[in-house]
Every structure is written in structure tokens, then in C-alpha cells.
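Chains as they are written, first to last, in my numbering: chain A, 1 to 119; chain V, 1001 to 1095.
The structure is reproduced here in C-alpha cells:
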């Protein structure tokens, strides 16, 4: 029987952390992206596909990522799967951003302030 | 379109113990376990196909309650665990 990292009921674990940390801008953005991508007028994937993609992350990756970080990885995976973005383009873009580039693309309206840093 | 509701509150049900390689919403720790239907929650698209960009047939979803000791050892008396489970994972168990 397959048993991915998410299916952890009954595994040894410490006490449940019941603190309610404030939502970060990063988390809110990821949540907003999910709603936009799943909205009926786009319907690029379902929340079920999102769960499936999250659950397909390798166990080490899954455990090493925060909740919304998993969402983000999964959404990128699904957008590649659906042919909306190309994996190479995504890689290039992420590398450019990591090197200090802007999230604004050529052709975006000038004058708008660049988005705040996510986290 | 909407499937007939087959399970009534109070019905004893056993969760199927099948292993699957595809996405499903039935946690491993409930498989093969005996519970009791609490309520019918509605009919929802089957996540097992929706997860792969395919249409999801409507499936009845139930809230099912399990005694703690049915799931864990040693169990705690009086503690119940509730889970939402789809009808195609449940079979009626005679009393």
C-alpha cells in the first residue's frame, strides 16, 4: 500500500502546536493565487489536484516545507502539467528573481511600484 | 445524478482496507476499521478522479465516528474520532 508523507495519522509525533501565527504576505499571496487559478472562470485545476500534487512531493521535501510552501510547489507543478507555464521558463524566472531581479515583466505598466518582498 | 443515500445515521460500517496508488481522501489509519455513521454530509465530486483533471462522479459523503480503542492501542474510553468518508469506501457491517 502506498503511504505518502502526508498520511501521517498514528505516526509518532510531539504535542500539537496550537499557536495561531499571523498570516504572512507570502501565505496570503499563495492563497490568493490558488483561489484565482481554481476559480470557475479559469478552473485550471481543482483543490483535489492541488492535494494530489502536494502529496506527490518527496517525503523529505514535504517535511521540509511549510504549509503554503507546499501549496506553491504544487501549484507550479500543476501549471506545468496543464501547459500554462513551461518548466524551463519557471526555472529561469526563479533564478532571475533569486539574483535580485524584479517580478515585473517587460510590457507591464510602468510606474507601478514593484510588489513588496514576499517574506 | 445525485446518488441515493444508502447509509443512515447509526449504521455500523467498515472502512475498506484496500491500498491505492492514486490520490484518495481515506486516511490509512482508518482503513479496515469499524465505525458508525453519524450523518450524511451531501454528495460531492469524487476526488479520486478530480485530482487528475477528470470529471468526478457524485459520491455520498458521511461523517463516521470511531471509538478511540478501535483505532489506537491502548484506547481511551469515551473518546470518539470523527472522519468524513465517501460511500465507496464503506461497507455495512451487521450488528
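All C-beta atoms in this analysis are idealised placements derived from N, C-alpha and C, irrespective of residue type, glycine included.
Cβ neighbour criterion (16 or more within 10 Å) applied to residue 1051 of chain V: buried
DSSP state of residue 1040 of chain V mapped onto helix, strand, coil: Note: residue 1040 of chain V maps to strand in three-state DSSP.
Contacts that residue 20 of chain A makes with chain V (C-beta to C-beta distance below 7 Å): Residues of chain V passing the Cβ test: none, with the nearest at roughly 23 Å.
Reduced DSSP category for residue 1085 of chain V - H, G, I as helix; E, B as strand; rest coil: The answer is strand: DSSP assigns residue 1085 of chain V an E or B state.
Nearest residue (CA-CA) to residue 1027 of chain V, options V/1084, V/1010, V/1091, V/1092: V/1084
8 Å Cβ shell around residue 1059 of chain V - same chain, five flanking residues per side excluded: Around residue 1059 of chain V: 1003, 1043, 1044, 1045, 1046, 1086, 1087, 1088.
Classification of residue 1 of chain A by the beta-carbon crowding that lies within 10 angstroms, buried from 16 upward: With a pLDDT of only 41 at residue 1 of chain A, under the threshold of 50, the placement of this residue in the model should not be trusted; the figure read from the coordinates follows. Residue 1 of chain A is exposed by the Cβ-count criterion.
Three or more C-beta pairs below 8 Å linking the stretch 61–71 of chain A and the stretch 28–35 of chain A: yes
Residue 63 of chain A at chain V interface by Cβ criterion, 7 Å: Judged by the 7 Å Cβ criterion, residue 63 of chain A is not in contact with chain V.
Nearest-angstrom Cβ-Cβ length linking residue 1037 of chain V and residue 1055 of chain V, presumed shorter than 8 Å: Not quite, the Cβ-Cβ distance comes to about 27 Å (not below 8 Å), so this is no contact.
Proximity to residue 1023 of chain V [Cα-Cα], best of A/5, A/98, A/102: A/5
Residue 1035 of chain V and residue 1064 of chain V closer than 7 Å at C-beta: Residue 1035 of chain V places its beta carbon less than 7 Å from that of residue 1064 of chain V.
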